[in-house]
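Here's the structure we're looking at; comments come further down.
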Amino acid sequence: MSTPIDLTALKNRQMATWASGDYAVIGTTLQIVGEQLAEACDLLCDERVLDVAAGNGNATLAAARRGCKVTSTDYVAKLLERGEDRTRAEHLDVTFQVADAEDLPFEDASFDAVLSTFGVMFTPDQPKAAAELARVCRPGGRIGLANWTPEGYIGQVFKTLGRHMPPPPGVQPPSNWGTEAWLNSHFDQRDFQLQVTRRLFNFRYRSAAHWIDTFRTWYGPVHKAFATLPPEGGAALEKDLTELLNRLNRAGERSLVVPSEYLEVVITRR
Numbered sequence: 001m002s003t004p005i006d007l008t009a010l011k012n013r014q015m016a017t018w019a020s021g022d023y024a025v026i027g028t029t030l031q032i033v034g035e036q037l038a039e040a041c042d043l044l045c046d047e048r049v050l051d052v053a054a055g056n057g058n059a060t061l062a063a064a065r066r067g068c069k070v071t072s073t074d075y076v077a078k079l080l081e082r083g084e085d086r087t088r089a090e091h092l093d094v095t096f097q098v099a100d101a102e103d104l105p106f107e108d109a110s111f112d113a114v115l116s117t118f119g120v121m122f123t124p125d126q127p128k129a130a131a132e133l134a135r136v137c138r139p140g141g142r143i144g145l146a147n148w149t150p151e152g153y154i155g156q157v158f159k160t161l162g163r164h165m166p167p168p169p170g171v172q173p174p175s176n177w178g179t180e181a182w183l184n185s186h187f188d189q190r191d192f193q194l195q196v197t198r199r200l201f202n203f204r205y206r207s208a209a210h211w212i213d214t215f216r217t218w219y220g221p222v223h224k225a226f227a228t229l230p231p232e233g234g235a236a237l238e239k240d241l242t243e244l245l246n247r248l249n250r251a252g253e254r255s256l257v258v259p260s261e262y263l264e265v266v267i268t269r270r
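Numbering (the UniProt record's numbering), first residue to last: 1 to 270.
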């Protein structure tokens, strides 16, 4: 018989991983995804919006810029501080609160829209997180998600990391959230209407070496992998990432532009 996964221990390790480096350096480059998601959800002035696993606040800012009453949450306080810095700079009114996506401290049906860009997909207990998104969204409200697909570039990055640092047995890949089959199985069509659009985000760097240096310094999962692996393991990981980047680069020798597929998801609660 397989040993049950200790989800609490896994979550604690994840928290430490995301608190390492400085995700905001990477996160700010993804702002366009939050803006597009806000438009896809057709956010309206004065709507109550919850950003779950908000990181440094891309969806938070997008909603606040549209006049929404936004609550921004994450289980890593350091990330929320970066979001607060950004909202102060733009003189936006946002409430920030440390909260676990698997146990949201809000009443049922308390938000008009619930958003998450590349955040909730990393929760250890995926069904529980999906249920929490649904619980706090009012009937007629929308759940808006941006999730990396398994086939896309970031999905392949995590597969590469997994080859060098295998996850514990039984742990579900975050890219489950980037498949329509998984979304349909956790948001039943009798209660939810799903609209899924495949989009591309372009990572733009000088070279493969520039991308790797930036991510190993600032992006928690890559930072942690290089910090944990022995020197020969780190060199092997760098080689594999370099090959992946160069294979997907559409800019040629003069620069690096790597498209990464994600699902833009709008789920309307009936």
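For glycine and all other residues, C-beta sits at the position ideal for the given N, C-alpha and C.
Since the structure is predicted, the reported quantities are computational estimates derived from the model, not experimental observations.
Here the C-alpha atom of Arg269 lies approximately 24 angstroms from the C-alpha atom of Val94. With fewer than 16 other beta carbons inside 10 angstroms of its own, Ala227 counts as exposed. In the DSSP assignment, Leu50 falls within the beta strand (DSSP E) that extends over Arg48 to Asp51. If you draw a straight line from the Cα of Asp51 to the Cα of Ala59, it comes to about 7 angstroms.
Between the alpha carbons of Leu244 and Pro139 lies a distance of about 43 angstroms.
Comparing alpha carbon positions, the residue from Ile5, Ala146 and Ser110 closest to Glu39 is Ala146.
A straight-line Cα-Cα distance of about 46 angstroms links Ser110 and Ser255. Taking a contact to require three or more Cβ pairs closer than 8 angstroms, the region 214-225 and the region 168-181 do not qualify as touching. Excluding sequence positions up to five before and after Leu80, its CB lies within less than 6 angstroms of the CB of Asp74 and Phe96, all in the same chain and listed in chain order.
Beta-carbon to beta-carbon, Cys41 and Gly144 are separated by about 4 angstroms, close enough to satisfy the 8 angstroms threshold. The shortest CA-to-CA distance from Trp148 to any of Arg88, Val120, Asp188 and Phe192 is the one to Val120. Assigned with DSSP and collapsed to three states, Val157 falls in helix. Of all C-beta pairs linking the region 235-243 to the region 197-212, three or more are shorter than 8 angstroms, placing the two stretches in contact. Taking all protein chains in view, the Cβ of Asp112 is crowded by 16 or more other Cβ atoms within 10 Å, so the residue is classified as buried.
When rounded, the separation of the alpha-carbon atoms in Pro231 and Gly55 is 30 angstroms.
Collapsing the DSSP output to three states places Asp100 in a strand. Counting only unbroken stretches of 4 or more residues, the alpha helix (DSSP H) elements lying wholly within the region 199-263 are 208-218, 220-228 and 231-248, in sequence order. Shortest Cα-Cα distance from Val257 to any of Arg247, Asp213, Phe203 and Val266 involves Phe203.
When DSSP assignments are scanned along the UniProt domain "Methyltransferase type 11" (50-143), the uninterrupted stretches of alpha helix (DSSP H) that are 4 or more residues long and fall wholly within it turn out to be 58-65, 77-89 and 126-136.
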